[in-house]
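**Q**
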Amino acid sequence: MRLQKLAIAVAVMTALSACSDDDDKTKTCPDGTELDPDTNVCVVIPPVEPPVEPPVEPPVETDFYNSDNWKETFPDQYTTWAQTEESNPESGVPTDLLAANPNLVSAWAGYGFAKDYNRARGHHFALTDIIKTLRTGAPLIGHDGEIVGEAMKASCWSCKSPDVGRMFEEVGEGKFADNGWSVWGEEMPNTIGCADCHELGENTLRLSRAYTTRAMDVIDKTFTAQEHVDQAGQTCAQCHVEYYFDGNDSKKVRYPWDHWVPGVDTDYASVVDYKGTDNLYKGFAAEAQLAFYDEKNFKDWTNAISGAPSLKAQHPEYENMMDRTDHMMSSHLEFSCNTCHMPKSTNSDGQEYSNHKVAFDANKLPATCTGCHDADAFESKFEKRKASINALRFDATGTDPRLTEVHFKAQAIWAANGIEGLEAGKTIGEAKAAYEGALTADNELATEMNSLLGKVRNAQWFWDSATASHGIYAHNPAEAIRLLTKSNTILDAAIIEANALLAKYDADYVYDATKYDSKAKVQPLAGLDLDAMKTSKEEFIKERVEKDWPAELR
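Under the working numbering, the first residue of the sequence shown is numbered 1299, with each subsequent residue one higher.
Put into structure tokens, the structure is as follows:
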């Protein structure tokens, strides 16, 4: 028995002696297992898995097209930008300029502005207003996936959202522009803001619209070569400028400066055989732009009442300012849009910043201005200028009522010759087609009407160049008076011509201005059903905008 116990002990000792005797290390048994120090038994120890590192998330890129994301870095600029929401009537409803001046409906008959035209509000409302306006139609998606009711091209977003610049980079300017307006509605969440004029997340100025960069290069005012004051004006010129798109370039936005040659003083006088010496056919003048459009045989639309091949001036504030600073005030101290509309302010810490409310307050003008200009005198000065301009527009012999007169007299001349339009129950499209066809006929009436309607086209262009320019009474009142006076002179000749043709073709015709003295009267005569347009717009907003578009309607 003792020998047996001794043999067992020796066996155990032999087994243990085979394990590592390093107390600081794991004991390994001959079969590859490990000695459990607690039980002194060789066991299989599962391997220790290395810790699993959590996946590294890519950094979240800040969306600087959303102006809210500039607030932390630029709090004062952001706060004043948000105050553009205060540039709104007390009622919260935009002022209806067609109701205030129904002559606009006949002037723009057959064009979107005859449907709806409101006074501009603050930048905060730009996106809301382009979506809600009747001009953009009520585009709904049909059962086949096609959009029905599209009224405008995608380029009409250009002045309403910084996301336009983003889309130019993502899909290309041409692809963006060569689509209907509503195609990109899902891509337009942000109203006019920081990214329109600044490098993303920075205070450095930039042009975010490729078409403005091209236009400035053409007139030898390349953005990067300009001083800060001129760069600031150019950022405004991305929107506050006359522009067009003719379909020859994917409906991209273009300015009527294409005839300029960089660094060359371009003169259009020879094109129109103009003998004057007043330089009206150079550069930014409305005459030069008209000559450019005439040479291209370009029109924005055919007036549905008269058949006049018409042009729609946009809002040429940049041209008005450049005309004034380059010619009338060439010796004046340098100033730009931001001088008056974005003056310097000082915050509570004494730091200076540009006020981004984009409004005019004479009491906030810089000292370099108030040294010569009395802030208290601005209001009365502007009122006098407005009165002079309004007299040229709204007196009995003014542009606005007489444009209505000549459009309806032209319609009567057509009707007397069997060319039927809206007065005969034709649609807008049918009336336009009838007039366009008649103007190309090789007969006496075509010759007569081309002469008359050419005058109407020119008179309306000069009128619109003055009246579509926001604040021209402040920016360049002399130009407004010059253009309206010129328009009235052309209208004198046009009405004499129209009266002669009426005497020839319809001697019993009598023009009655009371038929056209309200929006409610003129819109049906222009082929428009206001209630139907409003109903369609409401359905569009409910079925597309509120369901699928990211814009917050204000």
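We put the beta carbon where it would ideally sit given N, CA and C, even for glycine.
Would you mind sorting Asp1320 into buried or exposed? The rule is 16 or more other CB atoms within 10 Å of its CB.
**A** Low local confidence applies: a pLDDT of 48 at Asp1320 is under 50, so the model's placement there is unreliable, and no value is given.
**Q** Grouping DSSP H, G and I as helix and E and B as strand, with all else coil, what is Glu1370?
**A** Looking at Glu1370 - three-state DSSP - the assignment turns out to be coil, as it is neither helix nor strand.
**Q** What's the C-alpha gap between Leu1588 and Asn1774?
**A** Their backbone Cα atoms lie some 19 angstroms apart in a straight line.
**Q** CB-CB under 6 angstroms to Arg1475, same chain, minus the five flanking residues each way: which ones, in chain order?
**A** A small fix is needed here, since residue 1475 is Ala in this sequence, not Arg. The residues are Ala1452, Ser1453, Ser1548, Lys1549 and Lys1550.
**Q** Could you compute how far the alpha carbon of Glu1388 sits from the alpha carbon of Arg1419?
**A** For Glu1388 and Arg1419, the distance between alpha carbons rounds to 12 angstroms.
**Q** Using DSSP with H/G/I as helix, E/B as strand and the rest coil, what is Tyr1542?
**A** Correct three-state label for Tyr1542: strand.
**Q** Who are Gly1478's beta bridge partners in DSSP?
**A** The partner list for Gly1478 (beta bridge, DSSP) reads Lys1451.
**Q** So Trp1555 packs on Val1516, CB below 8 angstroms; how close in whole Å?
**A** The pair is a contact, with the Cβ atoms about 5 angstroms apart (cut-off 8 angstroms).
**Q** Would you list the one or two residues that DSSP bridges to Thr1378?
**A** According to DSSP, which records beta bridges pairwise, Thr1378 is partnered with nothing at all.
**Q** Quickly, what does DSSP pair Gly1605 with across the bridge? List them, please.
**A** Gly1605 is not bridged to any residue.
**Q** Output the boundary residues of the alpha helix (DSSP H) element that contains Leu1588.
**A** Ala1584 to Lys1594 is the span of the alpha helix (DSSP H), which, as asked, contains Leu1588.
**Q** Output the distance between the C-alpha atoms of Pro1400 and Pro1437, rounded to the nearest integer angstrom.
**A** Those two C-alpha atoms are separated by around 26 angstroms.
**Q** What residues in its chain sit with their C-beta under 8 angstroms from that of His1705, if we drop five residues either side in the sequence?
**A** The answer, listed in chain order, is Ser1404, Ala1405, Ala1407, Asn1601, Ile1603, Ser1604, Ala1606 and Val1754.
**Q** Buried or exposed for Asn1416, going by 16 or more other Cβ atoms inside 10 Å?
**A** Buried.
**Q** Determine which residues share a DSSP beta bridge with Glu1650 and list them.
**A** In DSSP, Glu1650 forms a bridge with Thr1644.
**Q** Compute the distance between the beta-carbons of Tyr1809 and Leu1823, then report whether it is under 9 angstroms.
**A** Taking 9 angstroms as the Cβ cut-off, Tyr1809 and Leu1823 do not qualify as a contacting pair.
**Q** Is Ala1584 near Leu1781, with beta carbons less than 9 angstroms apart?
**A** Cβ distance < 9 angstroms, so Ala1584 and Leu1781 count as in contact.
**Q** Under three-state DSSP, which class holds Cys1340?
**A** If DSSP states are grouped into helix, strand and coil, Cys1340 belongs with the strands.
**Q** Can you tell me which residues form a DSSP beta bridge with Leu1333?
**A** Leu1333 is bridged to Cys1340.
**Q** Between which two residues does the alpha helix (DSSP H) containing Ile1711 stretch?
**A** Taken as a continuous stretch (DSSP letters only), the alpha helix (DSSP H) holding Ile1711 covers Thr1697 to Ala1714.
**Q** Let me make sure I understand the geometry here. Which of Glu1468, Ala1792 and Gly1825 has the alpha-carbon closest to that of Gly1719?
**A** Comparing Cα positions, the closest option is Gly1825.
**Q** Taking only three categories from DSSP, how would you classify Ala1436?
**A** Of the three classes helix, strand and coil, the one that applies to Ala1436 here is strand, per DSSP.
**Q** With a threshold of 8 angstroms, establish whether the CB of Arg1622 neighbours any heavy atom of the ligand HEM.
**A** In the structure on display, the ligand HEM does not appear, and there are no ligands present to speak of.
**Q** Express the C-alpha separation of Asn1786 and Leu1690 in angstroms, rounding to a whole number.
**A** The straight-line gap from Cα to Cα measures roughly 8 angstroms.
**Q** Quick check on Asp1515: does DSSP put it in helix, strand or coil?
**A** The answer is helix: DSSP assigns Asp1515 an H, G or I state.
**Q** Leaving aside the five residues before and after Ser1643 along the sequence, list all residues of the same chain whose C-beta is less than 8 angstroms from its C-beta, in chain order.
**A** Correct list, in chain order: Asp1374, Thr1378, Glu1650, Tyr1651, Ser1652, Asn1653 and Lys1662.
**Q** Starting from Arg1755, trace the alpha helix (DSSP H) both ways and give me its first and last residue.
**A** Looking at the DSSP string, the run of the alpha helix (DSSP H) that includes Arg1755 is Glu1742 to Thr1765.
**Q** Mind checking whether Ala1611 and Ser1767 have CB atoms under 9 angstroms apart?
**A** In contact: Ala1611 and Ser1767 (Cβ atoms closer than 9 angstroms).
**Q** Per DSSP, which one or two residues make a beta bridge with Arg1842?
**A** Paired residue(s): none; Arg1842 is not in a bridge.
**Q** I think Glu1632 touches His1538, with their Cβ atoms under 8 angstroms apart; what is that distance to the nearest whole Å?
**A** Their Cβ separation, rounded to whole angstroms, is 18 angstroms, which puts Glu1632 and His1538 out of contact at 8 angstroms.
**Q** State buried or exposed for Ile1794, treating a residue as buried only when at least 16 other CB atoms are found within 10 Å of its CB.
**A** Classification of Ile1794: exposed, given that the 10 Å Cβ count is below 16.
**Q** What would DSSP say about Val1446, mapped onto helix, strand or coil?
**A** Three-state DSSP puts Val1446 in a strand.
**Q** Contact between the stretch 1487-1497 and the stretch 1421-1432: three or more CB pairs below 8 angstroms?
**A** Yes, since at least three Cβ pairs between the stretch 1487-1497 and the stretch 1421-1432 fall closer than 8 angstroms, the two stretches touch.
**Q** On a Cα-Cα basis, can you pick out the residue from Glu1844, Asp1827 and Asp1846 that is closest to Gly1410?
**A** Considering only alpha carbons, the answer is Asp1827.
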